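Structure first, commentary second.
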Amino acid sequence: MAEEAHRHTVARPSRSRWIWLGAGVVGLCGLGALRVVLDSAAGFSLPNQVQDLLTLSISVVVESLPFVILGILLSIVVQVWLPDGLLQRYLPRNPMLRRACISLFGVFLPVCECGNVPLARGLIVGGFTVPEAMTFLLAAPIVNPITIITTHQAFGFDDGILVARVIGGLAIANIVGWLFSLHPRQNTLLTPRFEAECRRPDDHDHALTRREKSLDIFVREASVIMPALLIGALIAGAIQVAVPRDVLVTLGTNPLWSVLAMLVLAFVIAVCSNVDAFFILPFASTFMPGSIATFLVFGPIIDVKMLAILRTTFTTRVLVQLTVVVALLSALIGLVVNFVA
Amino acid sequence: MGLVVAATVWLAATNQLVLYIHPRYIVFTIVMAVLALILVIASVTGRFRHEDDEAPPRGVPRVLSILALVIASALALAMVALPPATLTSATASQRDINSTSVGPQTQSVSDAENAPADAFSNFTVVDWASLLRQTVDPGFYEAKSVDVVGFVTPDADDPQNVFYVSRFVVTCCAVDAQPAGVPVYLPDWSSVHAADDWVRVTGEFAVNGSDRSQQPLAIVPDAVTAVEQPSEPYLY
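Shown next as structure tokens:
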């Protein structure tokens, strides 16, 4: 609702904006009052399954929200507060080396995958090519310091899971970046709306101070990412309520099937890369180590929530290709670890 | 955005974030939410660039994008308007109680054998469930009194006579909640308690009297009393 309010108010004098703010606060209080009424209404309760669907979806939102906000803030820093071209200046010219460097950016950024999307969008707006931004997007959630620490806490160096995760993630990001750099028309990889945003002439902005520009980016990114996050969370919640968990767990002991089961689990579960090692730890006794590595490589890059968020930036066609390539490569890593370890 | 952030801050203020995420993320979540709230207010009152007059998409994409916005708003509204709740027994049975070993800090049999007698009354359902997975020797459980709180989930094989007193174990957020529970043998329990009721069960483990349940041991309760839902319903 607040997003709509912003869109309507941009061209109007500032008095009406205070009215919108007032309306928002009153509306919020109204909803709060409704909540109090529902709370006290004896016997009001949703059916269990609906209630759990809501609880799970809201849980995904609450868990992802801080990372999304952090991602938007960092995106603002990159676009507005860093001097123009600072990042580009120090990167090697050779595209392959350049992407390799970019895939290591994530080491300095404690942001999980959903927060990386606004940041990657910021990089594209700031002049990076699409494959470069994609390399960053795929590698950053896996090589980020928090992910490495939590994975180490959960697994130590046992069975090569941590090593497979970090090296596998970097390899996949660079391979995917290279694949998409072969595409002849890079602009067609992006959604028309985002592509138009990138081409917006820069002098448009000169009338605004940095503070105003920052707010502008915040509003724009929030109104694009938040609906996607909410829908992704709802789909993730729905799948969790619908698909019995034990179907996946019974597949866990076969080298091939357990890898496939983990791909599916990673796809539907949609938890952030910073914490997914803790999530998968209880399964470590059931599943083979390679399958765990598959989960830890695939999950941060692709899941239902991520696809919904990525769709704000890339076309459906690109996302299908991305999913297939990343799934095959992660499965390969898992199979190698399963048969070697 | 405003709605979701306001809802998060509200949840934090009423100490209900624990219904959704692990306590270790709460501080980070609150800091980010407050920052976002400041930005939301600043952007409504501040001045910023004119939105370009893009032609809205036509046909199916337009319908889809409106539908998407409606669904997203509905979830955001639900966050504010509906009372927050824990997961229910529907998810507990769907996820198969005790299907995976839970939590890094579980009890081991050798530790428990040497524990002083009064330590057992502090054991949670998760502690007992992890012991049950390691040994079902009735002698081990002799003279160890059980005192646990959890919600009621009917046993799948013998729902008349056996229920689980169960809790969810959360490692990150409610999405990854794993149900854990211990069986209670109480014939015709459903005449007094319903599924999802929070109860406190005291008693001792003994050979399960039910012939259909697959659990070899179950609590034979001295008392099953209804209690309020704890303020931290999940275990970590």
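Quick mapping for you: the protein sequence lines, in order, are chains F and H. Position 142 (the first sequence) corresponds to 142 in the numbering used here; numbering is contiguous. Going from the second sequence to the numbering used here is simple: count from 1 and add 341. No residue lacks a Cβ here, since even glycine has one placed at the ideal position from N, Cα and C. Here the structure is a predicted model, which is why all the values come from computation and not from measurement.
Check, Outcome
"Can you name the residues that DSSP bridges to Phe492(H)?", "Ser507(H) and Trp539(H)"
"Hey, how far is the Cα of Gly491(H) from the Cα of Ser471(H)?", "16 Å"
"Figure out for me which residue from Glu63(F), Val68(F), Gly27(F) and Ile72(F) has the closest Cα to the Cα of Leu215(F).", "Ile72(F)"
"Any heavy atom of the ligand SAM closer than 7 Å to the Cβ of Leu576(H)?", "The model depicted lacks the ligand SAM and carries no ligand whatsoever."
"Where does Ile302(F) sit, in a helix, a strand or coil, going by DSSP?", "coil"
"Determine, for Ile69(F), whether the minimum Cβ-Cβ distance to residues of chain H falls below 8 Å.", "yes"
"Between the stretch 502–527 of chain H and chain F, which residues of the former have CB atoms less than 7 Å from a CB of the latter, in chain order?", "Thr512, Cys513, Cys514, Ala515, Val516, Asp517 and Gln519"
"For a cutoff of 8 Å on Cβ pairs, would you count Ile333(F) as touching chain H?", "no"
"Helix, strand or coil for Asp404(H)? Go by DSSP, reduced to three states.", "Note that residue 404(H) is Val in the sequence shown, not Asp. Val404(H) falls in the helix class under three-state DSSP."
"Whose Cβ in chain H lies nearer than 9 Å to the Cβ of Phe295(F)?", "Going along chain H, no residue has its Cβ under 9 Å from Phe295(F), so there is no contact; the nearest lies around 12 Å."
"Counting only the same chain and skipping the five closest in sequence on each side, list residues whose C-beta sits under 7 Å from that of Ala284(F).", "Ile292"
"When you compare the CB positions of Thr494(H) and Ala536(H), do they come within less than 8 Å of one another, or not?", "yes"
"What does Phe461(H) pair with, by DSSP beta-bridge criteria?", "BP columns for Phe461(H) are empty, so no partner."
"Using the Cα positions of Pro83(F) and Val506(H), report the straight-line distance between them to the nearest angstrom.", "59 Å"
"Can you confirm whether the stretch 326–340 of chain F touches the stretch 257–273 of chain F when touching is taken to mean that 3 or more C-beta pairs between the two stretches lie within less than 8 Å?", "yes"
"Check the DSSP bridge columns for Leu410(H) and list the partner residues they point to.", "DSSP output for Leu410(H) lists no bridge partner at all."
"Please state whether the Cβ-Cβ distance between Ala238(F) and Val60(F) is less than 8 Å.", "no"
"Count the CB pairs spanning the stretch 171–190 of chain F and the stretch 107–114 of chain F that are closer than 8 Å, and state whether there are at least three.", "no"
"By DSSP, does Val487(H) sit in helix, in strand, or in coil?", "strand"
"So which of Glu195(F), Lys305(F), Leu256(F) and Leu234(F) has the shortest CA-CA distance to Phe314(F)?", "Glu195(F)"
"Rounding to the nearest angstrom, what Cα-Cα distance links Val525(H) and Val77(F) in this structure?", "57 Å"
"Can you tell me the Cβ-Cβ gap for Ala413(H) and Ile231(F), rounded? I've got them flagged as a contact below 8 Å.", "6 Å"
"Might you give, ordered along the chain, the residues of its own chain that have their beta carbon closer than 6 Å to the beta carbon of Asn338(F), omitting 5 neighbours on each side?", "Pro255, Met288 and Gly290"
"Use the C-beta contact count for Val340(F): other C-beta atoms within 10 angstroms, 16 or more gives buried, fewer gives exposed.", "exposed"
"Give me the Cα-Cα distance between Ala383(H) and Val375(H), rounded to the nearest whole angstrom.", "12 Å"
"Using three-state DSSP, classify Leu380(H) as helix, strand or coil.", "helix"
"Check each candidate in Leu380(H), Asp517(H), Ser430(H) and Glu545(H) and name the one with the smallest Cα separation from Lys213(F).", "Leu380(H)"
"Starting from Val565(H), trace the beta strand (DSSP E) both ways and give me its first and last residue.", "Leu558 to Ala567"
"For Leu405(H), go through chain F and note every residue whose CB falls closer than 9 Å to its CB, in chain order.", "Near Leu405(H) there are no residues of chain F at all, since even the closest Cβ is about 11 Å away, more than 9 Å."
"Would you call Phe128(F) buried or exposed, if buried means 16 or more other Cβ atoms sit within 10 Å of its Cβ?", "buried"
"Secondary structure at Gln570(H), three-state DSSP: helix, strand or coil?", "coil"
"Examine chain H for any beta-carbon lying closer than 8 Å to the beta-carbon of Val26(F), and answer yes or no.", "no"
"Rounded to the nearest angstrom, how far is the Cβ of Val510(H) from that of His534(H), given a contact under 8 Å?", "Actually they are not in contact, since the Cβ atoms of Val510(H) and His534(H) sit about 22 Å apart, beyond 8 Å."
"Rounded to the nearest angstrom, what separates Val345(F) and Val259(F) at their Cα positions?", "No statement about residue 345(F) is possible, as the shown extent of chain F runs from 1 to 341 and does not include it."
"Could you give the DSSP three-state label for Cys514(H): helix, strand or coil?", "strand"
"Relative to chain H, which residues along the stretch 251–284 of chain F have a C-beta separation below 8 Å, given in chain order?", "Ile269, Ala270, Val271, Cys272, Val275, Asp276, Phe278, Phe279, Leu281, Pro282 and Phe283"
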